[in-house]
Structure formats: structure tokens, C-alpha cells
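Chemist: Before we start, here is the structure in question, set down as C-alpha cells.
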Amino acid sequence: MRMKYETPVIQKCQTGLMNKFGSCPHYSRKIRTGIDDVSIDNLVEKYGSPLFVFSEKTLRERFREIHRAFSTRYPNVTFAWSYKTNYLPAICAVFHQEGAIAEVVSEMEYDKARKLGVPGDKIIFNGPYKSLHALEKAVSEGAMVHIDHLDEIYDLEKVADKLGRKIKVALRLNMDTGIRPQWSRFGFNVDSGQAMMAARRIHHGGKLIINGLHCHIGTFILEPDAYGVQVEKMLKLAYQIEDQFKFGIEYIDIGGGFPSKSKLKGTYLSPDLSVPAIDDYAEKITSAFYKNLRPGDFPRLILESGRVMVDEAGYLITTIHSSKRMPDGRKAYVVDAGVNILFTSFWYKFKLEIDREVQGVNEPSIVYGPLCMNIDVIDEGCLLPPLNRGTRLIVSPVGAYNVTQWLQFISYRPNVVLTGENGKVDVIREAEDLLDIERRERLPEHLLLSSKSS
Amino acid sequence: MLSLSLRNSRAKNDRAISNIDFSKIKSQIALYTDAIFKSYSEIFFLRSRTVGILLFLTTLLNPHLAISGIISVLAAYIFARLINMDQKFVNSGFYTYNPLLTGLAIGYLFRINLLTVFFIMSAGILTFILTVMLSSLFSTYFKLPILSLPFTLISSVTYLASSKYTNLFVTGLYPNLTPGILFFENYFPFWLAGYFRSLGTIFFLPYVIPGIILAVAILSSSRILFLLTILGYYTGTIFTGMLMGSYHNAFMDINHFNYILIAMAIGGIFLIPSIKSYILAIIAVAVSTLLVKSMEVFWLNYGIPGFTLPFNLVTLSLIYVLGLVNYPMVAKLIKSTPEETLDQYLSNLGRYGGTKRTLSLPFSGKWMVWQAFDGRWTHKGSLKYAYDFIITDDQDKSHNNNGTNLTDYYSFHKPVLSPVRGRVAKVVNSLPDNPIGQVDRTHVWGNSVIIEDERGFYVAISHLSRDLIKVREGDWVERGTLLGSCGNSGYSPQPHIHIQAQVSIEIGSSTLPFSFVSYSTETRFYDNDLPTENTAVESLYQDKCLDIITSFMLDDRLTYNVIKDGQKTGEITIIIKSAPDGTFYMDSGKGKLYFGKYEGTFYIYSYEGRDENLKSIFLALPKLPLAYKDGLKWEDRIPVDIVATGFKKRIVQFLSSVYGNLARTSCTFAFLNNKTIEGNVSARILNIEKKTRVELDDYVGFKSIKVDNLELRRVKNEQVRG
């Protein structure tokens, strides 16, 4: 067989000694031939490329591991699946089967949860924008509404009047836990006394009953201690509210924000080293509970974890469409999946795995998406061996946020499949076609091209 | 009945303030008559006003007798009011049936005139004083009732005294034969007439006619008691007859009423009615024949009949001995009839398992029972009452990786929570966690915390991790207080929690049986039980939301529309009240439903009165876990009295004394969601199959209770908190 011609380039040689890439960068490569015993070849053959693949096994294992970490430390724990992280019905259903309730932040998500069969009383309704109509629907179906601002108190009092009964609600809080940036735009501030004032206002109104507190200190929090501070402040406030206004605080919702094992751009250490184990978070949170709870009191601890549950269960299979050599000598590949369907590429440096054994020395490479846009870069600097056209790269972890934040931009969104625990592969979202894109589009008659020409 | 009229009168007071005096007088009269009639039925161990009235009317067969009895009770009653005795106790009839018997005894001998009235009154008061005193002494020192001992003593005393009261004899003595009372005497065979006569003698009417009336009264109230009167009488009499050689004479002896009383007391009242209690009753009767005859010989020398002395002696001695040997079938709660006592006992047997040493599981989440009581490795001999727990994963492994490091084990460093409330009595906190593969044979128990439970035992938790123990000796801990972390100190091949109840503060002292409260295996809830080895159990700590919903407060009023087949048929208001013993109950005006919370479970304990609506609440929610888990299921067994009515119920309750599981109700309940509970109540023999559904309110109590086509739907009521 004739060797393929390539323009010669000069590469700096590095020894196998200590260096920032770990051991032997020239020949180390990650190979993945299948996901949950289903081969990549079969998947692509049947469902095309690019292709999102979710592993049911990983989803369940991850949920159980995280659930066990908390439930074996605190006797009253509930997980709420954060819909915005991934609201494909199949994914939500897996978590609901495992016992999670739903956490939604919009009327659309609320409707999605209801359609999936989640009863109203198992839905937490969060977010700074809830229309009066949405509030009324949620309240009448028994949803747990978390109040974000004073105006929402007025709205809910209106709903209470209309329904002719008192409504149980929770207060969303924000506070300084030592994490920067401090998320202070949601809920009522604890440190300034705003939260207590809101409670007083609610008590005074006499139409709402505070039965829970909620706070979400941020996202991708790498410092477990921050949650300890959060829990302490929340429980102190809870008892203050109980003592002063005689409300019974039934649950403490500490939000989510646990990181997944993904590498943030600009970080040096690998996530295995930089991301604390879920047990560390559980330990800090539950010890803060034991330290601050009154004897015999076990309010429900609610966690709204999203990313940490789902991220590692998602893979994106892409195929190399072409390669080129950049002016600076780096190798560049164009693959069939771009930032439009891989939103998290803006802040993650993904793990790239190759679907087969490949010969040759690794070289600095760039992976571009297929869009005709300069920003469409999947990885701007990685070490890859020379890859032929048609080779597949498996990008992970991609389970969180991508299938909710993705854009339909100049192309169709691909199939999403789930490799089931039973070994079966199911399509959980079909690839789009032109009909999907144009279904809602209308062309006024006078603009019809055929009519113009006639 | 008494409480019913009490409440009725109270309700009337509330309604008609202008009529307050009238209703007060009326209620007072109701109270007095109630107390008097109850004294009559108490003689047959019954607490029914109706039976009391019937018995009173029977005594009217001899007016002197009847009036004498009434005078004696009234004298005692007025005396009790004079010395400010608590009305509640006097009204029960418990203290006044002895004076009544004394009155009857005197009336049997003397006709009513001014002189005898004084005589009766003084005897009545004396009996009453003796009753109060003896009953206090007996219950304090012997844990025994006094039965009719005061009556026997005082009647003997009055009979003795009267022999010296010549004046009384001259004016009072009369032939107490009411005309016509002997009418039936010769129409019955001697063995039947003897039974009726003996029965009549209990009310000093040793004739067939009153005997028949009394037999009917007993039969109508309790089939079990009626059976026992027959068993007792014929056992005793036939036995005596054999010894005497003349059955005719034996059946003529009216003193054989003692056999009837003994059989009733032993077989149906103080023991749970069962084959065994019937056998014990027969034995008691057989041994009492000695006493009856010897007494006749001895006592008659002094001109006194001996009254109920044999009954008192035999019954009291036997109950005392049964109590001494901790005989399990001694009735702890004596209801108004043996049938009810039995029903309650059987239902309690099915409802409340476990022991009284109730512990919460000492951890959070789902753990596996590694070793239970009488385990295969170390829980043996005096150390057999202990449990070991570990955490396992879906593959039943207790560790991830290869399990060579302590940190591989899921249980390692998981929180250990206090299973009881009490004071920390001892803490050992000096031993290292052994690496996997090594055990500490010297300090077998490892680091331990020993808690002294208020109820008089100790709980030890062992193999904790050094330096992570959070409590010190002398600390007060509640259920669920963090004690420390699971470790691998002591004789521990892998990190686990060892827990035992024990007799003393010492490490390794003898263990005691105990049970766990409020836990689940998969989706099955257990309120008080023992999980078996290799089952995964999850501790359920009280959920604040359910706790708040079931926190009724005194004077809470809950109004419900009663809806039958979709049509409103009425309305009931339930008021939360508290009984003298501190138990809370729901009062609907027509009945009472006793309820309470015990270690993580809400229970409806018992029901009394006549209110189908309250019964349906019992039926739909006899037990409610105060912790929520999706699909959580539980079982229960409710009394036959709640599900069945009429003739069928009576037959089944009677036969239950022979075969306890005959009318077993099988009740299963499950959470449909955190506000809805669906249940199924069935009893095969009764051909009952009921579907129940309860919707809990958002704030307090239930929004709706549904049993088949009957629904109670809450009416918005401003008098409820929330």
C-alpha cells in the first residue's frame, strides 16, 4: 500500500520525562470502541453521525452513588432533577424512576414535567420569572413554589385569594458563602436581613405559609466548605422564622452546583484531582446539618443536582470530515459536530477519544466544527495522532446542558439515543429534518416565488 | 354511656344558655341514675346502663329488697359527695356495687321500716369506706381488684350484729316470698332449676323466675359470659354431686352461684377469653368446691351464709398467681364485655409487634442486616440480642475497588445516630481502626458509646471510629443525635455498626431483647419489628410535614360533610379532647376515637360509642407512618367491632375466643402520594371487602376520608389553625 503524502513539518521533540502532559505524550491516546457494550461502529451505522449517546447504566449508577452518599449520612433526603440540565423525557424519566422529583424554572419546563406524568406536588417551581397564570396553575396543582422576589409574594397572595385557601411556599435566599462570584440576583439576601423582612411580610399578609427555604450558591462549586456555610446560615434563618412566626420549616433546599468530572478551560489539574469527591460534599453538608439542627428535628434536605448526575452519562460521536495543516504548522480537523450542538464547549475542555487504534506520533491539533463561523472550535489545542477521514472522535462528558441549550443553526440537530440497561438502543430524540424547522414558519402569499414569476 | 350523657349535657349547656339550670338538673339526674344502674351491672362485670336497669327491675320482684339496695347505694353515694370524692370515679359504679350488694343482703333479711333504713344506711356507708380503702390497698400492694370482698365482710358483720339487735328482729324480719315468684319452680327439671336459682341468688332472689331474667340479661350482653355461667355452674355442681353422692342435693344448693361468678371472672373478665381461659375457669371452679362446702359447715354455725367468700378467695388468689408468673393472657385492658376485651386483644396482637424496648435504627439511609439476634458468628448466649449493620451496593458488595482499604467500604465513616433518648453513660474512644484483615481480640467491642435509656436499660453501639465520636459521658442525646462515625475498631473484620440493648453500663454486659421502630424494607413500612438477616433496611425519621399535619391541638374543630353515594346526608364536627389519662381523642358527639403518636407512627388506638363516621376514620387510617417514601406500604389489623355489625359480629366475636384468627381482618395501606393513602380492608369470614382512601389536609388532619361509598369531606372551618 502506498503511504499517504503529507507536507513535512518540523516538530519539537520531548522526552518521556516529567512534563505537563503526563506520561509519554507522543504515543498516549484514548481509545473507545463502544459505549455500554454497543460498538461505536454499530451506533453510527444505524443512527448516523454526529450522534448523542446517553448511557442508562451510568445515569442510574451515578444517581444511586450520589443518593447513597447523602442518604447514608442524613435520614431525610430528596433529590430534585434539574430539568434545565437535560429535559429529554427519557432522561427525566430515568431519574424519576430512581425517585427524584422535578425542579423546573419555567412554565415550559413545568408543562413538560406534568406531561411526563410528574404530579404537581412533586415539582419544585423556581426562577425569577413566573407569570401569574403559571403560578396559579402550579399552586392549584400543589407544586412547591419558591419565591424569588417581593412582587411574587403579591402575585401569590392574589392566587391565594382566588383559590380561597392559604398556600405553602418556600423562600429563595442568597448569601455570602465565600464563593465568588456571589449569586445575589436570585431570592432574598440573608446577610442584609432582607430574607427575614420577606418572612415578616408574608406572615403579616396571612395568606401564605412558609414551609421551606431554598438557596443555590452557584455552579461548578469546587469548594465543599461553601455548602457548610450555606447550610449553617439557612438553618439559623429557618429557626429564626420558626420561632418568630410559628411557621414549620419542613424542608431545606440547598440547590445544586456540584461539579462533574469535566475539565474547565484554563484549569491546570485534571478533574480527577481538582474536583472533590461527592462524599466530600455530602460530609460537609450533613455535618453542618447535625451541628445546627435542634435535637429530634430532621427537615427534609432537598438537592437540585443536575450536572453531576448527568454529565458523565452523555457522549457525542463525531466523524472527521477533513483535515488541513494550519499556517503555524498545527494539524486541524473538521468534524461534523459544532458548537451549535455542543454548547458547553465554550467552557469545557472535553475528553476526546478515538474509535480505533491509530499509528503515528501525536501532534498538536485543532478540532473545528462544521459551521461556517470562526468561533466554531471544539478544541483549540490537543495532541492527536494523524487521523484519517472517517475516523470518529468521541467527545465527553456532554450530558449536561447541551441538549437543552443547543441551537438549530444552519443544520439539523442529530439523533439522541439511549443505550439501555437491557442492551437495547433506543432513539430518545429523532434527528430533525426540514419539516421540523419550517413547521412554524409562514410565507405570506405575495412573497411566494412561483406567484412572482407568473 | 356515662360519658355520652355527660357530653350530651355539656353540649346542651353550650347551646342553650338560658336553659342552663334546667339542663344542669337534668344532667345531674342522668349522672346519678347512671351511677346507680351501673352498680347493678357491675355485679355481672358488665358496664351497661340497660343491663343495670333490667337488673334493678328484677330486684323489684321483692320490693323490700329493691328499696334496701337503692337506699344503701344512695347512702354510699351521698357520703362520697360529702367527702368530696372525685365524681368521675364514683359515677363509674365501681365503688358502689359493694354497698348495693350489702343493701340487698340486708333487704333479704329485713323489711323496710324506719329502723332498717338507718341500719341499711350505716351498713352501706361502712361498705363504701371499706371498698375505697381495700381497693386502694389491693391495687397498690397486690395489683388486684377487690371484687366483692367488702360486701362479704360487711354483710357477715351485719348478719352477726343483727343477731344481737332484738328490736330489729322484732320489727324487721319477714318471710321474703313475693307471691307468684314460685310459679315456675316445679315446671323445670331439678338440674335446670338449680342453675336459675343459683343465678338468682346473686341478687338475693333464689328462684327460677329472676334466674331466667338474669340469664337473658347476661346472654344479651355477652355470649362468652353466658357460656361461662353454664360451664362454671355445672362443673362445680356435678363435681360436688359426685362427692356428695346426691346430684339432687347438689343442684338444690344455692351457694353454687359462687361457681358461676368464678367462671365468669376467670374465664372471661380477668383473662383473655380463650380455650385456655375456659380450662382455667373450670379448674378454678373445681378447686373452689372445697371452699364452698367447708364454708357452709363453718360459717353456718354462726348463722351467716358466707356470701361470695369462695368466689373472692379463689379468684383473687388465682389472678395473683397468674400475675406472679407473668401469664401472658391476663387482660391488661378490660373493656365493657369479654367480647370487646378479646377483640381489642387480638387486634392489638396483630397491630403492635416488637417489644417495649423500642430503638430507632442507629443510622441514616439503607443498610443491610449483617447479623441479627442469635446470629451465626458472635451474637450468641447472653450476647444474642444484638444487630450488626453494613452498607452494600446493588451487587451486594460492601465495598468498591478491591476492598483492601478501609475507605473502600461504604459504611466507613458514615454517621452513627442515637437510637434512643437518654444520657450518655460511657464512652470508649481510644482504639484505632484496624486495617482490613486484622482484628483486635483484646478489646472486642472497640470504641463504643453506651446510652442509658430513661426506660431502664442501656444501649451500646460499638466499633466506632476513634476521634470522630461527638458525644461525651453525661451528654443528653435525643433520637437521631449524631454520636460518631462507623469505624473498624475492636473485633471487626470490616467496618460495621454493632448495636445491643443491655442490662448494665458495663461494656459487654448481658443483652436484652429489643426491637426497631419506624423503618422500611424496600417499600414495606414497619412501625415496631425486627428485620431479618440479609435484608436491606432503611431508617425513617419523622417527616416534619406529616408531623405537622398530625399535630392536632386540644379544641381543634374539624367539620365534615357526610356524603353517601355522592349525596350529602349530614354533617359531623369532631372536637379534639383529652382523656383523664392524657390520651387524645376525637369526639364527634356520638363516639370517641382515641389516637396518638408513638415513635414515628400515628395510631388510632381504639373506638367507643356509636358513630359510623368515626368508625370509618378508624377503618381508613388505623396507622400512619410519619415518614414519607414513594409507594410505602403497611399492614394492620383492626378490631372486628369496627368492620362488622349485628348478629354476624356477635357470632364471630364469640367464636374468636376458640379460634383467634377466625375473624382476622387483613388491612393493607399504601401512600399514593404524600397526601393520599389508599387501603384495602378485608375479612374473609365476614365477607367484607372495603376500599379506603384518605386525603391528608395541607395543614392539619384529613381533607377527606372515604370508605366504599361513604365519604367525609372537610368543610372549611376557621376554627382550625393554619
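One line per chain: the protein sequences are G and E, in this order. For the record, in the first sequence the residue sitting at position 278 is 278 according to my numbering, with numbers rising by one throughout. Every number in my numbering is 454 more than the matching position in the second sequence, counting from 1. Positions of the beta carbon are idealized from the N, C-alpha and C atoms, including for glycine.
From what residue to what residue does the alpha helix (DSSP H) around G212(G) run?
Modeler: No alpha helix (DSSP H) holds G212(G); the beta strand (DSSP E) holding it covers 208-215.
Chemist: What span of residues does the alpha helix (DSSP H) with W1088(E) cover, start to end?
Modeler: No alpha helix (DSSP H) holds W1088(E); the beta strand (DSSP E) holding it covers 1087-1090.
Chemist: Might you give, ordered along the chain, the residues of its own chain that have their beta carbon closer than 7 Å to the beta carbon of E992(E), omitting 5 neighbours on each side?
Modeler: Only G819, K820, Y973, S974 meet the Cβ criterion.
Chemist: Show which residues of chain G have a CB atom less than 7 Å away from the CB atom of R909(E).
Modeler: Correct list: empty, because the minimum Cβ distance to chain G is about 17 Å.
Chemist: Looking at the structure shown, is W753(E) part of a helix, part of a strand, or coil, going by DSSP?
Modeler: Here W753(E) sits in helix by DSSP.
Chemist: E932(E) and R1185(E) - do their beta-carbons sit closer together than 8 Å?
Modeler: Past the edges of chain E, shown from 455 to 1176, lies residue 1185(E), and the structure says nothing about it.
Chemist: Can you grab the Cα-Cα spacing for the pair I720(E) / K730(E), in whole Å?
Modeler: So the alpha carbons of these two residues sit roughly 10 Å apart.
Chemist: Report the residue from I1071(E), K478(E), S522(E) whose alpha carbon sits nearest the alpha carbon of R565(E).
Modeler: Cα-wise, what sits closest to R565(E) is S522(E).
Chemist: Report the residue from T986(E), T896(E), L796(E), G934(E) whose alpha carbon sits nearest the alpha carbon of V823(E).
Modeler: Of the candidates T986(E), T896(E), L796(E), G934(E), the one whose C-alpha sits nearest the C-alpha of V823(E) is T986(E).
Chemist: To the nearest angstrom, how far is it from the Cα of I254(G) to the Cα of L173(G)?
Modeler: So the alpha carbons of these two residues sit roughly 10 Å apart.
Chemist: Identify, in the order they occur along the chain, each residue of the same chain with its Cβ nearer than 6 Å to the Cβ of V739(E), setting aside the five sequence neighbours on each side.
Modeler: Cβ neighbours of V739(E) beyond the five flanking positions: G686, T689, G690, Y713, I716, A717.
Chemist: Compare the C-alpha of D921(E) against each of L984(E), T625(E), N901(E) and name the closest.
Modeler: Considering only alpha carbons, the answer is N901(E).
Chemist: Measuring alpha carbon to alpha carbon, tell me which residue in I497(E), L778(E), I608(E), G695(E) is nearest L653(E).
Modeler: Per the Cα distances, I497(E).
Chemist: Note the first and the last residue of the continuous beta strand (DSSP E) segment covering C1121(E).
Modeler: Unbroken beta strand (DSSP E) run through C1121(E): 1120-1127.
Chemist: Any beta carbon from chain G within less than 8 Å of S674(E)'s own beta carbon?
Modeler: With 8 Å as the cut-off, S674(E) does not count as an interface residue toward chain G.
Chemist: Quick one: which residues of the stretch 985-1013 of chain E get their C-beta closer than 7 Å to a C-beta of chain G? List them in chain order.
Modeler: Those residues of the stretch 985-1013 of chain E that come within reach of chain G (Cβ to Cβ, closer than 7 Å) are S993, Y995, Q996, D997, K998, C999, I1002.
Chemist: Restricting to Cα atoms, I'd like to know which of G212(G), R356(G), T267(G), Y74(G) is closest to Y239(G).
Modeler: If we check each option's Cα against that of Y239(G), G212(G) comes out closest.
Chemist: Where does the unbroken alpha helix (DSSP H) through L405(G) begin, and where does it stop?
Modeler: Note on residue identity: the sequence assigns Gln, not Leu, to residue 405(G). First-last of the alpha helix (DSSP H) with Q405(G): 402-405.
Chemist: Taking the alpha carbon of N185(G) as the reference point, which residue from V38(G), I241(G), N422(G), G218(G) has its own alpha carbon closest?
Modeler: Sequence check: residue 185(G) is Arg here, not Asn. Among V38(G), I241(G), N422(G), G218(G), the Cα nearest to that of R185(G) is on G218(G).
Chemist: In chain order, what are the residue ranges of uninterrupted alpha helix (DSSP H) at least 4 long that sit wholly in the stretch 541-609 of chain E?
Modeler: Fully enclosed alpha helix (DSSP H) runs of 4 or longer: 541-545, 551-563, 568-591.
Chemist: Suppose you measure from the CA of G699(E) to the CA of L679(E); what does that come to, to the nearest Å?
Modeler: C-alpha separation (whole angstroms): 29 Å.
Chemist: Which chain E residues are close to N76(G), counting only those with a beta carbon under 7 Å from its beta carbon?
Modeler: Here the neighbours are Y995, D997.
Chemist: E107(G) by DSSP, collapsed to three states: which one?
Modeler: The answer is helix: DSSP assigns E107(G) an H, G or I state.
Chemist: Verify the CB distance criterion: does G1043(E) have a CB-CB separation below 8 Å to chain G?
Modeler: It does not; no Cβ of chain G falls within 8 Å.
Chemist: Would you mind reading off the limits of the alpha helix (DSSP H) that contains Y239(G)?
Modeler: Here the alpha helix (DSSP H) through Y239(G) covers 224-245.
Chemist: Throw me the rounded Cβ distance for the G306(G) and S82(G) pair, which I believe falls under 8 Å.
Modeler: With a Cβ gap of about 3 Å, G306(G) and S82(G) count as contacting.
Chemist: Between D929(E) and N1163(E), how many whole angstroms is the CB-CB distance? I'm expecting something under 8 Å.
Modeler: About 55 Å separates the two Cβ atoms, so there is no contact after all.
Chemist: Does any residue of chain G bring its CB to less than 8 Å from the CB of N1015(E)?
Modeler: So, not an interface residue.
Chemist: Between the stretch 328-339 of chain G and the stretch 279-291 of chain G, do three or more beta carbon pairs fall short of 8 Å?
Modeler: Counting Cβ pairs under 8 Å, fewer than three are found: no touch.
Chemist: Assign Y1113(E) to one of two classes, buried (16 or more other C-beta atoms within 10 Å of its C-beta) or exposed (fewer than that).
Modeler: The residue in question, Y1113(E), is exposed, as its Cβ has fewer than 16 Cβ neighbours within 10 Å.
Chemist: Name the chain E residues that come within less than 8 Å of P119(G), Cβ to Cβ?
Modeler: Residues of chain E passing the Cβ test: N1127.
Chemist: Looking at D1009(E): is its Cβ nearer than 8 Å to the Cβ of I1029(E)?
Modeler: For D1009(E) and I1029(E), yes; Cβs fall inside 8 Å.
Chemist: Got a sec: which bits of the stretch 867-900 of chain E sit with their beta carbon under 7 Å from any beta carbon on chain G, in order along the chain?
Modeler: Residues K868, P869.
Chemist: Residues of chain G with CB closer than 8 Å to the CB of E932(E), please, in chain order.
Modeler: In chain order: P295, G296.
Chemist: Within 10 angstroms of the Cβ of Y841(E), are there 16 or more other Cβ atoms? Answer buried if so, exposed if not.
Modeler: Classification for Y841(E): buried.
Chemist: In the structure shown, what three-state DSSP assignment does L449(G) receive?
Modeler: Helix, per DSSP.
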